[in-house]
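FYI, in this note's numbering the residues of the sequence shown are 124 to 383. Where is the CB? At the ideal position from N, CA and C, for every residue including glycine.
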Amino acid sequence: MTEHKINVVPRGGNGGQAASGQKLKFHIMRFNPADPESRPHLQTYELEQTAGMTLFIALNEIRENLDPSLQFDFVCRAGICGSCAMVINGRPGLACRTLAQDVGPEITLAPLPVFELIGDLSVNTGKWMRAMSERLQAWCHLQEQQADLTRLEERMDPELAEQIFELDRCIECGCCVAGCGTARMREDFIGAVGINKIARFRLDPRDARTDADYYDVIGDDDGVFGCMSLLGCHDVCPKDLPLQTQIAFIRRKMAAQGFK
Ligand code: SF4
Ligand code: F3S
Ligand code: FES
Numbered sequence: 124m125t126e127h128k129i130n131v132v133p134r135g136g137n138g139g140q141a142a143s144g145q146k147l148k149f150h151i152m153r154f155n156p157a158d159p160e161s162r163p164h165l166q167t168y169e170l171e172q173t174a175g176m177t178l179f180i181a182l183n184e185i186r187e188n189l190d191p192s193l194q195f196d197f198v199c200r201a202g203i204c205g206s207c208a209m210v211i212n213g214r215p216g217l218a219c220r221t222l223a224q225d226v227g228p229e230i231t232l233a234p235l236p237v238f239e240l241i242g243d244l245s246v247n248t249g250k251w252m253r254a255m256s257e258r259l260q261a262w263c264h265l266q267e268q269q270a271d272l273t274r275l276e277e278r279m280d281p282e283l284a285e286q287i288f289e290l291d292r293c294i295e296c297g298c299c300v301a302g303c304g305t306a307r308m309r310e311d312f313i314g315a316v317g318i319n320k321i322a323r324f325r326l327d328p329r330d331a332r333t334d335a336d337y338y339d340v341i342g343d344d345d346g347v348f349g350c351m352s353l354l355g356c357h358d359v360c361p362k363d364l365p366l367q368t369q370i371a372f373i374r375r376k377m378a379a380q381g382f383k
């Protein structure tokens, strides 16, 4: 296999349900871009499934017992850090939150597309997220009078705080970007993760920016108008963020701003 292309298919694309003690076959994309001799190919490993085995546990077992050269990323093992995102049977997801029994017994793993490949299943989502966040200035732009650190923070309506928190649950895993046809075609597209960030700061009363300011950063085809409503982002987000609603809402607001 020479081309690094993965299609997004429904969860459990292989259709199987592996029982405990059953043999699992992992077909894992191997490629080391730093090695001129390396060519992308699928390598197969066999493991016996144990009760409650996640793909995180399986990959560690493969690395410990079968192949110490296998590269993949994990930090929290609890669906919080976002670093274990990969393409599982054609669908972006978190390896630490995926049970082998739900996707086996034949499991194909590949790195997320769009992001820079470090090696095998490891990609540099941090570099992409940082560039996107800098471009969108994804931080709270405080009103001048609020920039006094000794001032008590303004109270916030709990309902509004809850709405902001809902969008702040994004773990920057990159699944929505990997599952988006536009992001695959358009290198600078900010993806659902970027649009969600704007939605989050737009809600925040401490942020002094207006819709005209937001339009300046996302009012083009690399921003909200590049989104073709494919909704792969919404389907694959492991945190179930309301991406569909937020994208539609921000697009309406930016379109209204564009006609002003
Ligand atoms: Fe991951 Fe969802 Fe955030 Fe996208 S919006 S980066 S899929 S948590
Ligand atoms: Fe992509 Fe989601 Fe829009 S998949 S095209 S960002 S609706
Ligand atoms: Fe942190 Fe999976 S290891 S989300």
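Query: Euclidean distance between Cα positions of Gly342 and Ile180; Result: 43 Å
Query: Residue range of the beta strand (DSSP E) that includes Met152; Result: 146-153
Query: 8 Å Cβ shell around Val359 - same chain, five flanking residues per side excluded; Result: Val131, Arg214, Pro215, Gly216, Cys298, Cys299, Ala301, Gly302
Query: Backbone CA spacing between Thr125 and His164 [nearest angstrom]; Result: Its pLDDT being 34, under 50, Thr125 is placed unreliably in this model, and the coordinates cannot settle the point.
Query: Outcome for Leu275 when other beta-carbon atoms lying within 10 angstroms are tallied against a minimum of 16; Result: exposed
Query: Alpha-carbon to alpha-carbon, Ala306 and Val237; Result: 7 Å
Query: CB contact flag (Leu272, Asn319, <8 Å); Result: no
Query: Sufficient close CB pairs (3 or more, under 8 Å) joining the stretch 286-294 to the stretch 193-210; Result: yes
Query: Contacting residues, own chain, Cβ-Cβ under 6 Å from Gly136 (five flanking each side not counted); Result: Caution is warranted here: a pLDDT of 41 is assigned to Gly136, below 50, making its placement in the model unreliable, and no coordinate value can be reported.
Query: Heavy atom of the ligand SF4 within 7 Å of Leu294 beta-carbon; Result: Checking the sequence, you will find Ile at residue 294 rather than Leu. Yes - the ligand SF4 has a heavy atom lying nearer than 7 Å to the Cβ of Ile294.
Query: Cβ-based burial, Phe312 [other Cβ within 10 Å; buried from 16]; Result: buried
Query: Contact test: Leu354 Cβ vs the ligand SF4 heavy atom, cutoff 7 Å; Result: no
Query: C-beta contact flag for Gln194 and Ser245 at 8 Å; Result: yes
Query: Enclosing alpha helix (DSSP H) for Leu259 [first to last residue]; Result: 248-259
Query: Contact set for Val347: own chain, Cβ-Cβ below 6 Å, skip 5 residues either direction; Result: Ile318, Ile341, Ile373, Arg374, Met377
Query: Run of the beta strand (DSSP E) containing Pro215, from where it starts to where it stops; Result: 214-217
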